[in-house]
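The listed protein sequences derive, respectively, from chains P and S. Anchor point for the first sequence: position 277 equals 276 in numbering that gives the first Met the number 0, and the numbering is continuous, going up by one each time. Anchor point for the second sequence: position 117 equals 116 in numbering that gives the first Met the number 0, and the numbering is continuous, going up by one each time. For glycine and all other residues, C-beta sits at the position ideal for the given N, C-alpha and C. Scroll down for the structure; my scribbles are underneath it.
Number of protein chains: 2
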Amino acid sequence: MSSGLRRHVPILDWGRRYDRNDLAGDGLAALIVTIMLIPQSLAYALLAGLPAEAGIYASILPIVLYAIFGTSRSLAVGPVAVVSLLTASAVGEVAAQGTAGYAAAALTLAALSGVILLLLGALRLGFLANFLSHPVIAGFITASGILIAASQLRHLLGIEAGGHTLIEMVTGLLVNIGATNLPTLAIGLAATAFLFWVRRGMTPALRGAGLSATAAATLTKAGPVLAVVVTTALVWKLSLDAAGVAIVGDVPRGLPPFTVPTASPDLIRQLLVPAILISVIGFVESISVAQTLAARRRERIDPDQELIGLGAANLGAAFTGGYPVTGGFSRSVVNDDAGARTPAAGVYTAIGLAFAAAFLTPLIQYLPQATLAATIIVAVLGLVDLSILRRTWTYAKADFVAVAVTILATLGAGVEIGVATGIGVSLVLHLVKTAKPHVAVVGLVPGTQHFRNVDRHAVATDPGLLTIRVDESLYFVNARFLETLIQDRVSESGSISNVVLMCPAVNEIDFSALESLEAVNRRLRDLGIGFHLSEVKGPVMDRLARTHFLDELNGRVFLSQYDAWTELVRPAPRSAAE
Amino acid sequence: MSSGLRRHVPILDWGRRYDRNDLAGDGLAALIVTIMLIPQSLAYALLAGLPAEAGIYASILPIVLYAIFGTSRSLAVGPVAVVSLLTASAVGEVAAQGTAGYAAAALTLAALSGVILLLLGALRLGFLANFLSHPVIAGFITASGILIAASQLRHLLGIEAGGHTLIEMVTGLLVNIGATNLPTLAIGLAATAFLFWVRRGMTPALRGAGLSATAAATLTKAGPVLAVVVTTALVWKLSLDAAGVAIVGDVPRGLPPFTVPTASPDLIRQLLVPAILISVIGFVESISVAQTLAARRRERIDPDQELIGLGAANLGAAFTGGYPVTGGFSRSVVNDDAGARTPAAGVYTAIGLAFAAAFLTPLIQYLPQATLAATIIVAVLGLVDLSILRRTWTYAKADFVAVAVTILATLGAGVEIGVATGIGVSLVLHLVKTAKPHVAVVGLVPGTQHFRNVDRHAVATDPGLLTIRVDESLYFVNARFLETLIQDRVSESGSISNVVLMCPAVNEIDFSALESLEAVNRRLRDLGIGFHLSEVKGPVMDRLARTHFLDELNGRVFLSQYDAWTELVRPAPRSAAE
């Protein structure tokens with residue numbers, strides 16, 4: 000078996016060495032994750048505007064395909080909050096919730112996302128995801144958490160409300176708040192309070208009651224299932240659905256259906272940009288989780304192979320009644336903590352969920368939507384982290400601006416515009432920073448061969464020699480800056496007879512910068528002033544050697560600035576006489 | 000008088016010292032430029048789709064306002080080819096050529112452009128123009144030259160044809176070529192041939208005939224006027240207009256009118272993006288000319304004050320029946336060569352043109368449009384420089400791609416999409432280059448304190464120490480790259496106990512990169528591996544000191560890599576015994 004094949008189908012690698020210990024670890028992890036995933040999957044489907052079962056379907060085949068093609072040992076793939084919100088936003092543009100067209104568009108979105116991820120992986124373009132900076136991701140996830148929580152309030156109140164922005168959502172809630180259904184509100188608030196307690200207080204309470212740490216943590220994972228069971232039983236017993244409590248309703252019983260996503264050019268055109276955003280955001284979220292988990296065990300994650308794994312998972316979702324998926328943080332951490340040893344744990348989870356889909360769905364008919372909304376709210380409030388504003392403010396204002404703009408744009412104009420604005424602003428800010436690079440006029444530190452900034456150190460200079468050190472690569476955005484700087488310095492001082500550009504931090508000189516240097520050289524030559532370079536890096540020099548620049552240079556290229564100094568500064572008369 | 004006022008109104012500076020020599024030099028330059036500008040201005044107005052007189056009007060008040068506010072001594076402001084083409088493209092979207100709405104929209108475009116330039120100048124944002132790289136400008140100007148020449152062929156043939164892209168133009172010509180008007184074609188071809196000869200052969204011929212170099216060069220400048228006079232006389236004498244030769248027609252006689260640009264929100268919305276493009280492209284063209292001319296005399300050009308000067312000029316054009324203007328290359332060079340000493344030369348040129356507008360316009364009624372088209376074609380073919388493709392190909396493939404994409408997009412999709420695509424592609428290519436920075440594992444050059452790439456030099460390394468030198472600033476686009484690299488290296492080798500990141504070329508660490516370094520630090524700490532930095536620059540260190548990173552660092556920050564080496568590499572047993 001070739002190592003290339005093993006690289007692209009990692010299951011061939013770990014599958015051959017699978018043993019009984021792996022089975023035990025993976026089996027226990029799968030059981031815990033399955034119990035946790037059932038309510039979570041139903042809830043995220045609701046958030047995406049889809050029937051509850053779509054969440055379960057989206058967790059079965061995708062998890063198996065990721066196990067075959069992905070490189071992380073413990074990543075758990077399925078519906079996640081942010082991608083569900085993005086799905087609702089994208090699909091809501093092309094069809095109305097509850098229609099067959101809506102579910103069909105979600106399949107197309109998953110298929111597009113799968114194809115995009117596979118393409119990026121095959122072309123090894125995973126690094127493009129890095130155009131999303133950490134501040135933009137952090138701001139986007141925080142704002143999404145707030146939007147998601149706001150969007151679920153209507154289910155807690157049992158009223159109708161919509162909107163893609165925070166203002167629209169709040170307005171919608173306020174308009175209809177008079178129609179609040181009290182039984183729904185009671186269930187919703189109780190479930191929310193209980194789930195917050197599960198998150199914060201249940202493990203300590205169980206340990207206080209004498210359970211072992213493992214048992215307490217495991218039971219805590221079943222907390223959401225308990226909320227589901229209790230509220231479902233309550234609605235069923237008291238016929239609260241007749242009192243206006245919205246329930247999940249009739250869920251088809253059976254394995255995931257085989258579905259074929261629509262390939263109409265019109266639909267593809269409308270969903271392409273959202274699919275790109277979903278792919279990139281999903282990939283970034285997934286790879287962060289995968290790398291964190293892999294680092295614990297000194298394992299390697301191959302980002303381009305991860306794209307293949309996630310692409311296969313999304314295609315799987317598209318063909319089995321699901322919607323876009325990615326590697327989720329909470330489920331992956333639970334999987335890892337519970338002792339998953341190989342991707343087989345994912346396969347066992349899929350089997351557990353398939354069992355649930357085949358046999359347990361009739362039981363959730365009376366599950367109140369308010370309980371699922373509570374599950375979502377408690378989960379996503381964990382995503383909201385406004386401390387990023389303070390931390391970036393302290394560190395660098397440009398990063399703060401990127402966070403703040405992303406949060407405001409996401410809350411104010413919706414997820415798609417929010418993330419696009421964030422990416423645009425962070426790129427422009429970066430370019431603006433390099434547009435006026437740090438530049439120092441330098442002189443010789445007496446008694447050494449070192450050159451330092453004349454404004455900061457007591458250094459020797461010579462009136463005939465201007466030495467400028469540029470602390471940035473020279474490229475089109477800053478090329479003219481340097482051109483203007485040299486021209487200004489030379490026109491200010493009549494005594495300069497040589498200019499040296501010191502390049503130890505110049506990692507690149509692009510064609511625009513080359514033309515600027517040529518212009519500087521030409522102008523200085525016309526004025527009878529020498530133009531020299533020093534400490535040019537190897538790759539930069541190689542490239543310059545391919546042009547006429549070095550032939551036309553009205554001066555020399557010095558290996559070290561000290562060489563330039565000894566050559567260009569005339570010794571004082573006394574020294575010369577000695 | 001304050002120096003601040005003098006800085007923003009440069010005329011207050013040079014105007015006080017104006018003397019008789021200045022007057023003589025400026026006066027002669029103005030005469031030559033005026034003669035050259037009359038046909039050029041009429042022609043560019045035709046290219047912009049406007050009545051011929053708009054070109055003269057756009058050369059009068061703008062040139063005076065630039066003389067007051069601009070910093071270049073010899074820049075000549077007025078209609079130029081590329082901006083005229085952009086005007087035709089932008090205004091053609093909102094009104095039909097020949098209508099009153101068309102001329103009104105051109106005024107609004109000039110006003111918007113003026114306001115944008117003034118704003119950029121007031122906010123000192125002139126550096127934003129640097130986002131246009133040299134390859135993009137070169138590609139755009141070359142493609143524009145081809146488009147302009149193609150757009151004028153219909154005037155040479157005397158047929159109807161339109162289009163914004165090369166394919167549309169060529170198709171339009173082929174469809175109607177059967178309707179070619181032979182007298183028009185004869186005049187057009189003769190004028191084109193004559194003007195090419197003026198450009199290349201007239202000066203040598205006149206010198207051969209015994210004229211002095213100056214006289215020959217000055218007479219050559221009058222070549223286009225000669226073509227205008229001869230062809231106009233011909234059309235008038237032979238009544239060729241009755242034979243289907245298109246003429247300029249009735250041109251109103253008088254000084255530029257006072258016009259007020261329309262400020263309808265709808266029109267502004269439609270013209271805003273084109274106005275931004277025109278402002279930026281016009282500014283870039285103008286500042287390049289101004290800097291080249293200023294360098295000859297060791298003068299300073301202040302880019303932000305240039306924005307003010309050009310902004311005032313465009314507002315002037317908007318209020319006097321003109322259209323967007325900028326500093327033109329050929330007219331400025333002629334002005335400079337002819338001996339202009341101060342911006343007063345521009346004022347005298349304006350007086351000359353005002354005289355022409357007031358008294359000479361009846362004479363050009365029979366001027367054939369084919370002659371003006373010939374003037375344009377000969378002028379713009381000088382802009383076409385396909386050698387940029389070869390030069391960038393040799394130097395750097397990324398720059399080649401930027402040129403090629405800009406040329407193809409401009410020819411294939413028009414000027415606005417062309418330049419926008421060029422800017423986008425060049426920025427993305429730059430970011431992609433920095434996404435996978437040059438990184439070297441380094442070791443000690445024996446007998447020195449220098450560290451070099453282990454792959455290129457025979458250097459000493461230690462199995463317990465991994466030293467990585469990054470030759471790029473660390474920011475979000477490449478942060479994850481480094482994270483993955485270190486993780487891979489550490490997971491490949493079991494012997495590493497310390498990792499040093501050597502940062503002499505790291506000019507910035509942004510928040511994303513900081514978080515990546517924190518993740519690396521956390522992961523290495525969990526594995527019991529030390530993480531150190533060396534040769535961190537002062538400003539980078541200042542910023543890190545504001546965070547908890549240095550407190551949490553599982554290692555040290557060394558001033559030099561040699562310090563790190565002596566500290567972290569355990570001496571070999573023998574050396575230790577000595």
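Reduced DSSP category for residue i - H, G, I as helix; E, B as strand; rest coil
{"i": "leucine 361/P", "result": "Note that residue 361/P is proline in the sequence shown here, rather than leucine. Here proline 361/P sits in helix by DSSP."}
{"i": "threonine 325/S", "result": "strand"}
{"i": "arginine 573/P", "result": "Low local confidence applies: a pLDDT of 40 at arginine 573/P is under 50, so the model's placement there is unreliable, and no value is given."}
{"i": "alanine 518/P", "result": "helix"}
{"i": "aspartate 265/P", "result": "helix"}
{"i": "glycine 529/P", "result": "strand"}
{"i": "phenylalanine 193/S", "result": "helix"}
{"i": "phenylalanine 318/P", "result": "helix"}
{"i": "valine 288/S", "result": "helix"}
{"i": "proline 134/P", "result": "helix"}
{"i": "asparagine 553/P", "result": "coil"}
{"i": "serine 511/S", "result": "helix"}
{"i": "proline 182/S", "result": "helix"}
{"i": "proline 367/S", "result": "strand"}
{"i": "methionine 0/P", "result": "Residue placement at methionine 0/P is flagged as unreliable, the pLDDT there being 49, under the threshold of 50; a coordinate-derived value is accordingly withheld."}
{"i": "threonine 565/P", "result": "helix"}
{"i": "valine 539/S", "result": "helix"}
CB of residue i within 7 Å of CB of residue j, strictly
{"i": "threonine 341/S", "j": "arginine 72/S", "result": "yes"}
{"i": "serine 494/P", "j": "glycine 446/P", "result": "no"}
{"i": "valine 402/P", "j": "isoleucine 387/P", "result": "yes"}
{"i": "valine 379/P", "j": "alanine 192/P", "result": "no"}
{"i": "leucine 98/P", "j": "threonine 261/P", "result": "The sequence given here places threonine at residue 98/P; leucine does not occur at that position. Going by C-beta atoms, threonine 98/P is not nearer than 7 Å to threonine 261/P."}
{"i": "alanine 434/P", "j": "valine 476/P", "result": "yes"}
{"i": "alanine 105/P", "j": "tyrosine 322/P", "result": "yes"}
{"i": "alanine 75/P", "j": "asparagine 334/P", "result": "yes"}
{"i": "threonine 141/S", "j": "aspartate 384/S", "result": "yes"}
{"i": "alanine 504/S", "j": "tyrosine 474/S", "result": "no"}
{"i": "threonine 179/S", "j": "leucine 156/S", "result": "yes"}
{"i": "lysine 278/P", "j": "isoleucine 115/P", "result": "According to the sequence displayed, residue 278/P carries serine and not lysine. Contact flag set, yes."}
{"i": "proline 361/S", "j": "valine 244/S", "result": "no"}
{"i": "methionine 501/P", "j": "threonine 466/P", "result": "yes"}
{"i": "valine 365/P", "j": "threonine 546/S", "result": "The displayed chain sequence assigns tyrosine, not valine, to residue 365/P. No, they are not a contact pair."}
{"i": "isoleucine 376/S", "j": "alanine 148/S", "result": "yes"}
{"i": "aspartate 470/S", "j": "histidine 437/S", "result": "yes"}
{"i": "alanine 66/S", "j": "asparagine 313/S", "result": "no"}
Heavy atom of the ligand FMN within 6 Å of residue i beta-carbon
{"i": "glycine 120/P", "result": "Ligands in the displayed structure: none, and consequently the ligand FMN is not present."}
* If you pair each beta-carbon of the region 111-130 of chain P with each one of the region 304-317 of chain P, do three or more pairs fall below 8 Å? -> yes
* To do: Inspect the CB distances between the region 416-435 of chain P and the region 129-148 of chain P and report whether three or more fall short of 8 Å.
  => yes
* Asked: Name the residues in the region 396-417 of chain P whose C-beta lies less than 9 Å from a C-beta of chain S; which are they?
  -> Ala397, Asp398, Phe399, Ala401, Val402
* **Ordered list of alpha helix (DSSP H) runs contained in the region 382-441 of chain S, each at least 4 residues** => 386-394, 396-412, 414-434
* Could you tell me which uninterrupted alpha helix (DSSP H) segments, each at least 4 residues in length, are contained entirely in the region 55-128 of chain S, listed from first to last along the chain? => 60-68, 80-91, 99-121
* Which runs of the alpha helix (DSSP H) spanning at least 4 residues fall entirely within the region 199-254 of chain S, listed in chain order? -> 202-207, 212-220, 222-237
* Asked: Where are the alpha helix (DSSP H) runs, 4 residues long or more, that stay fully inside the region 428-508 of chain P, in chain order?
  -> 475-491
* Taking a Cβ distance cut-off of 8 Å, strictly less, list which residues of the region 292-326 of chain S are near chain P, in chain order. => Ala293, Ala294, Arg295, Arg297, Glu298, Arg299, Ile300, Pro302
* What residues from the region 118-134 of chain P come within 7 Å of chain S, judged by C-beta to C-beta, listed N to C? -> Phe126, Asn129, Phe130, Ser132, His133, Pro134
* To do: Give, in chain order, every residue of the region 166-189 of chain S whose Cβ lies closer than 9 Å to some Cβ of chain P.
  => none
* **Residues, ordered as in the chain, of the region 463-489 of chain S that lie near chain P by beta-carbon distance below 9 Å** => Asp470, Glu471, Ser472, Tyr474, Phe475, Val476, Asn477, Ala478, Arg479, Phe480, Glu482, Thr483, Gln486, Asp487, Val489
* To do: Report the residues of the region 369-399 of chain S with a CB closer than 8 Å to any CB of chain P, ordered along the chain.
  => Arg390, Thr391, Thr393, Tyr394, Ala395, Ala397, Asp398
* With contact counted as at least three CB pairs below 8 Å, one residue from each stretch, are the region 34-53 of chain P and the region 278-288 of chain P in contact? -> no
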